[in-house]
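Engineer:
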Amino acid sequence: MTPLVRGLLIGAVQVALVAGVGGQLLYDRATLPRAWAETVAVDPTLPIRGRYVELRLAIKVDGDAALAQGRPGHREAWVRLYAGEDRLAGRLQQPYADVPGVFRISELTTTSGPRWVLDPPVLYFIPEHAIDPSRPLPEGQELWAEVSVPHKGPPRPIRLGIRREGRVEPLEGLD
841 MTPLVRGLLI GAVQVALVAG VGGQLLYDRA TLPRAWAETV AVDPTLPIRG RYVELRLAIK
901 VDGDAALAQG RPGHREAWVR LYAGEDRLAG RLQQPYADVP GVFRISELTT TSGPRWVLDP
961 PVLYFIPEHA IDPSRPLPEG QELWAEVSVP HKGPPRPIRL GIRREGRVEP LEGLD
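Encoded structure:
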């Protein structure tokens, strides 16, 4: 086998791998349940190339609050995520470690009160020309993310939106 044929064969395998991952993500986006989640922006610290926003997803919690551990303002709990009627939600579970589909949440005190946020944050990559959507927003506006909710693994952000007067309007120019 000549070096040219080997190089072309390796290139074809790499293209097939990337196409397979891209196809799986497109299939997931089309078939998995979706939900909007309120976000709490965090300063990104990863030393990777490109622009991104690190978002902590705030979720609505269902279940027995006694399953939360810790003192008020510093509590943590475990939830199984699902797409609720109006937003991303989670059912409280017994504390598990490394169980697929069960995620740790922590209580975060914000200016608008305590929020349950998913741990760890998710990343949303933005184009070079786009304005950073995590910048401080005017009063009465909140940054939300539409996410797909897979059976295993964390939610995957699809797009961002601004919530005004009870409605989420998707942001343009970020895809």
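Under the working numbering, think of the first position of the sequence shown as 841, with each following residue one higher.
Here a beta-carbon is modelled for each residue, glycine too, at the ideal position from N, C-alpha and C.
#1: Do Gly-903 and Arg-931 have their C-beta atoms within less than 7 Å of each other?
#2: So, using beta-carbon positions, are Leu-963 and Tyr-892 closer together than 7 Å?
#3: In whole angstroms, give me the CA-to-CA distance for Pro-873 and Gly-851.
#4: Let me check understanding here. Comparing Cα to Cα, which of Phe-943, Ser-974, His-991, Ala-923 lies closest to Gly-1001?
#5: Got a sec? Which residues, its chain only, sit under 6 Å from Glu-1009 by beta carbon, not counting five neighbours each side?
#6: Taking the alpha-carbon of Arg-1004 as reference, which of Glu-878, Gly-863, Val-855 has the nearest alpha-carbon?
#7: Would you report the Cα separation of Ser-946 and Val-858, rounded to the nearest angstrom?
#8: When DSSP labels each residue in this structure, what does Ile-850 get in the three-state scheme?
#9: Ordered along the chain, which non-local residues of its own chain (more than five positions away) have a Cβ less than 7 Å from that of Arg-869?
#10: Run through DSSP, which three-state label would Thr-879 get?
Structural biologist: Answer, in terms of the structure:
#1: Along the sequence shown, read from residue 1 onward, the residue named residue 903 stands at position 63. Along the sequence shown, read from residue 1 onward, the residue named residue 931 stands at position 91. Against a cut-off of 7 Å, the Cβ pair of Arg-931 and Gly-903 comes out as a contact.
#2: Translated into positions along the sequence shown, residue 963 becomes position 123. Translated into positions along the sequence shown, residue 892 becomes position 52. Yes, the pair counts as a contact, with Cβ atoms nearer than the cut-off.
#3: Looking up residue 873 in the sequence shown gives position 33. Looking up residue 851 in the sequence shown gives position 11. Roughly 35 Å separates the two Cα atoms.
#4: Looking up residue 1001 in the sequence shown gives position 161. Per the Cα distances, Ser-974.
#5: For this step, residue 1009 is matched to residue 169 along the sequence shown. Counting only Cβ-Cβ distances below 6 Å, and skipping sequence neighbours, we find Gly-1001, Ile-1002.
#6: As a first step, residue 1004 must be located in the sequence shown, where it is residue number 164. Closest by alpha carbon: Glu-878.
#7: On the sequence shown, position 106 is the one that residue 946 refers to. On the sequence shown, position 18 is the one that residue 858 refers to. Straight-line Cα distance between these residues: approximately 35 Å.
#8: Along the sequence shown, one-based indexing puts residue 850 at 10. Residue state, collapsed to three classes: helix.
#9: Residue mapping note: residue 869 aligns to position 29 of the sequence shown, counting from 1. Cβ neighbours of Arg-869 beyond the five flanking positions: Ser-988, Ile-998.
#10: Within the sequence shown, numbered from 1, the residue matching residue 879 stands at position 39. Thr-879 falls in the strand class under three-state DSSP.
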